[in-house]
Amino acid sequence: MITDFSQLTPSSDINWTPCFENFTCTRLEVPLDYEDASAGTAAIAYVKSAAVDETKDTKNIQINPGGPGKSGVQFVMQVLPILREMLGPSYNIIGFDPRGVGASPPNLDCFHGNLALGTNWVTTSQSLNPTVSAEDFNALFELMGAYGDLCAQELNSSAAYVGTPAVARDMLTFAERQEAKNGGNPEDALLYYYGGSYGSFLGATFATLFPDRVGRLAIDAIGDGEDYYGGKWLTSMHDTDEVEQVFFQSCYQAGPERCVYYADSAEEIETQYRKLLLQFKENPIAVWDKTVAQIPSLATYGQLRAAFLNAAYLAEVQFPVLAQILLDLESRNGSSLLAFAGAPCYDCDKDKLVPQDGLALTGIICADADGRYNLSTREAYREHLDTAMSMSSYAGDLWSGSALACRQWPFHPPPSQKFDGKFGGATKAPLLLLGNELDPVCPIRNAYKIASLFPGSVVLKQDEVSHATFDAPSDCIYQHVREYFDSGKLPPANTTCHPNARPFLQSPPFKES
Numbered sequence: 001m002i003t004d005f006s007q008l009t010p011s012s013d014i015n016w017t018p019c020f021e022n023f024t025c026t027r028l029e030v031p032l033d034y035e036d037a038s039a040g041t042a043a044i045a046y047v048k049s050a051a052v053d054e055t056k057d058t059k060n061i062q063i064n065p066g067g068p069g070k071s072g073v074q075f076v077m078q079v080l081p082i083l084r085e086m087l088g089p090s091y092n093i094i095g096f097d098p099r100g101v102g103a104s105p106p107n108l109d110c111f112h113g114n115l116a117l118g119t120n121w122v123t124t125s126q127s128l129n130p131t132v133s134a135e136d137f138n139a140l141f142e143l144m145g146a147y148g149d150l151c152a153q154e155l156n157s158s159a160a161y162v163g164t165p166a167v168a169r170d171m172l173t174f175a176e177r178q179e180a181k182n183g184g185n186p187e188d189a190l191l192y193y194y195g196g197s198y199g200s201f202l203g204a205t206f207a208t209l210f211p212d213r214v215g216r217l218a219i220d221a222i223g224d225g226e227d228y229y230g231g232k233w234l235t236s237m238h239d240t241d242e243v244e245q246v247f248f249q250s251c252y253q254a255g256p257e258r259c260v261y262y263a264d265s266a267e268e269i270e271t272q273y274r275k276l277l278l279q280f281k282e283n284p285i286a287v288w289d290k291t292v293a294q295i296p297s298l299a300t301y302g303q304l305r306a307a308f309l310n311a312a313y314l315a316e317v318q319f320p321v322l323a324q325i326l327l328d329l330e331s332r333n334g335s336s337l338l339a340f341a342g343a344p345c346y347d348c349d350k351d352k353l354v355p356q357d358g359l360a361l362t363g364i365i366c367a368d369a370d371g372r373y374n375l376s377t378r379e380a381y382r383e384h385l386d387t388a389m390s391m392s393s394y395a396g397d398l399w400s401g402s403a404l405a406c407r408q409w410p411f412h413p414p415p416s417q418k419f420d421g422k423f424g425g426a427t428k429a430p431l432l433l434l435g436n437e438l439d440p441v442c443p444i445r446n447a448y449k450i451a452s453l454f455p456g457s458v459v460l461k462q463d464e465v466s467h468a469t470f471d472a473p474s475d476c477i478y479q480h481v482r483e484y485f486d487s488g489k490l491p492p493a494n495t496t497c498h499p500n501a502r503p504f505l506q507s508p509p510f511k512e513s
């Protein structure tokens, strides 16, 4: 029984081997550059949960959970019951680690597996907020440049071959190799795929580059491709401030028994939060709770801003947690905030370490941006920050760091893997596009934009506040997704689903679409 991908020999064929108790695994060798064999190869890690009655004709649905940088292997193993409920028993569910992620090379970890160093880098950079002071602004600018310099020394040239177009080609290669393994013609292979967030960029890139190879393609929490590939990360914040307003309104609607930060109106809750924020900006809170941090640490304004945004990713679960954090901060107790944000770590348990996706992300987004929007000077970053803050007063400062991360990234994709993010085309099968009414980083308007670019595609909306419909279980969503994969049937236009339960957000005050 394989318990580590290093135990598997890479092959240009697909050789499924029992692994991790109830799964099978393979490492598929693919070219780093499909147009230049001299660049070498990479072995992509795959895990499979077989269909109930698997045959050689059983379709494989490839899964990408987002990031970029999240492990599809770990995702499938961790949330398989939910995926089975959504996709049904008739498909092989395939998780894979894209290039540079998890068990798949090339290496994008500039700390070479030292997760404590990686954790400290992430927590240090995230503790700086460029709107707090000139010192934080300048420190963040310099740190991001230094990270690029570090990676230039620690990584090799293979780090250039991790862009999304290359991963899209890898998905097609897997489909072709599996078709050949089953005795079919590789040229007849089609992609069956579900992905969300960054996975929406991957899916839309595939549909643009290989429109005649789309079997079924469902994408959730859809981003703006031109903004992402352009390296700006601005249009993602279209609905962010409205999502944050939902917290104040839903806390009031939930009442004091279910929202500990309750006040007599939504406006009063927001007022007390803004007052707390101003106080916190000038006076961070020292934390010496050893259950949270190994050394005396600070809970900071920047961490609170980040916590507010991160909680909106999974509002039903995290908004009550956020309410408790705010209540604790009112009494100058920063432990719960630091626990939520992540504390400096030097010899910690693995569950307190930043996963590798936090380190792979920069390499992938910078490969895709390819220097198109390089914030090489402080003046350029100041202008970008001001634009970001005009897009979102709650999250513009936090989201501005995504563009800044690439300012000195030294690796660029080869010509065969460059792409401008201009999605669209007539695909062999129409796409199913999913999204929540309000999403903090992937506004639903992106789904309608994508639908207009791929003829016949349909948007399936859920009246929820969260990042991806996947994060809010819904029998309605599951039914439509299963019907789409089973027969290609799309839901009627303007269909809206409801989540199964809404314990905190009783009646979200949605805007008109």
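In full-length UniProt numbering, the protein residues as written are 1 to 513.
Backbone N, C-alpha and C define an ideal beta-carbon position, used for all residues, glycine too.
None of the values given here were measured: they were computed from a predicted structure.
Restricting attention to Pro98, Val101, Val47 and Pro105, the CA atom closest to the CA of Gln78 is found in Val47. Within its own chain, the residues whose Cβ lies closer than 7 angstroms to the Cβ of Ser12, once the five positions on either side in sequence are excluded, are Glu29, listed in chain order. Taking all protein chains in view, the Cβ of His112 is surrounded by fewer than 16 other Cβ atoms within 10 Å, so the residue is classified as exposed.
Counting only the Cα atoms, Gly95 lies some 27 angstroms from Ala426. The Cβ atoms of Ser402 and Met389 lie no closer than 9 angstroms to each other. Leu87 and Val481 have their C-alpha atoms roughly 7 angstroms apart.
Counting C-beta pairs with one atom in each stretch, the region 44–63 and the region 193–204 have three or more that are closer than 8 angstroms, which means they touch. Val458 is bridged by DSSP to Leu432. Per DSSP, the beta-bridge partners of Lys48 are Thr24 and Ile94.
Check the Cα spacing between Asn156 and each of Lys232, Pro410 and Tyr198: the tightest is with Pro410. For Thr17, the beta-bridge partners assigned by DSSP are Cys25. Taking C-beta separations shorter than 6 angstroms and ignoring five residues to either side along the sequence, the partners of Val162 in its chain run Arg99, Gly100, Gly363, Ile364 and Ala367, following chain order. Of the residues assessed, Thr469 falls on the buried side of the cut-off, its CB having 16 or more other CB atoms within 10 angstroms. Residue environment analysis places Arg332 among the exposed positions, since fewer than 16 neighbouring C-beta atoms fall within 10 angstroms of its C-beta. Distance check between Ser457 and each of Ile219, Cys251 and Ala501 places Ile219 closest, using alpha-carbon atoms only. For the options Pro415, Ser466, Glu383 and Arg378, the alpha carbon positioned closest to that of Phe141 is the one of Arg378. Beyond the five residues adjoining it in sequence on each side, Gly334 comes within less than 8 angstroms, by CB distance, of Pro284, Ile285, Ala286, Val287, Leu298, Ala299 and Asp328 in the same chain, given in chain order. Rounded to whole angstroms, the gap between the alpha carbons of Ile93 and Leu431 is 19 angstroms. If you compare the alpha carbons of Pro89, Gly102, Lys418 and Ile82 with that of Ser71, the shortest gap goes to Gly102. When rounded, the separation of the alpha-carbon atoms in Gly40 and Ser158 is 8 angstroms. Per DSSP, reduced to three states, the secondary structure at Ala168 is helical.
Residue pairing by DSSP places Cys497 opposite Gln462 in a beta bridge.
Contact check for Tyr373 against Ala323 fails: the beta carbons are separated by 9 angstroms or more. In its chain, beyond the 5 residues on either side, Ser12, Asp13, Ile14, Leu28 and Pro186 have a beta carbon closer than 8 angstroms to the beta carbon of Arg177. Within the region 358–442, the runs of alpha helix (DSSP H) that reach at least 4 residues and sit entirely inside it are, in chain order, 378–391 and 396–404. For the 9 angstroms CB-CB criterion, Ala254 and Phe23 do not form a contact. Of Leu398, Met1, Val214 and Ala315, the smallest CA-CA separation from Tyr484 is found for Val214. Counting every other CB atom within 10 Å of its CB across the protein chains shown gives Glu437 a total of 16 or more, marking it as buried.
In this structure, Ala312 keeps its C-beta atom at 9 angstroms or more from the C-beta atom of Phe340. Excluding five sequence positions before and after Tyr448, the CB atoms of its chain that fall closer than 7 angstroms to its own CB belong to Val459, given in chain order. Here the C-alpha atom of Leu276 lies approximately 45 angstroms from the C-alpha atom of Pro165. Around the beta carbon of Lys232, a 10 Å sphere encloses 16 or more other beta carbons of the protein chains shown; the residue is thus reported as buried. With 16 or more other Cβ atoms from the protein chains shown falling within 10 Å of its own Cβ, Asp370 counts as buried.
For Thr173, the CB contacts under 6 angstroms within the same chain, skipping 5 residues up- and downstream, are Val30 in chain order.
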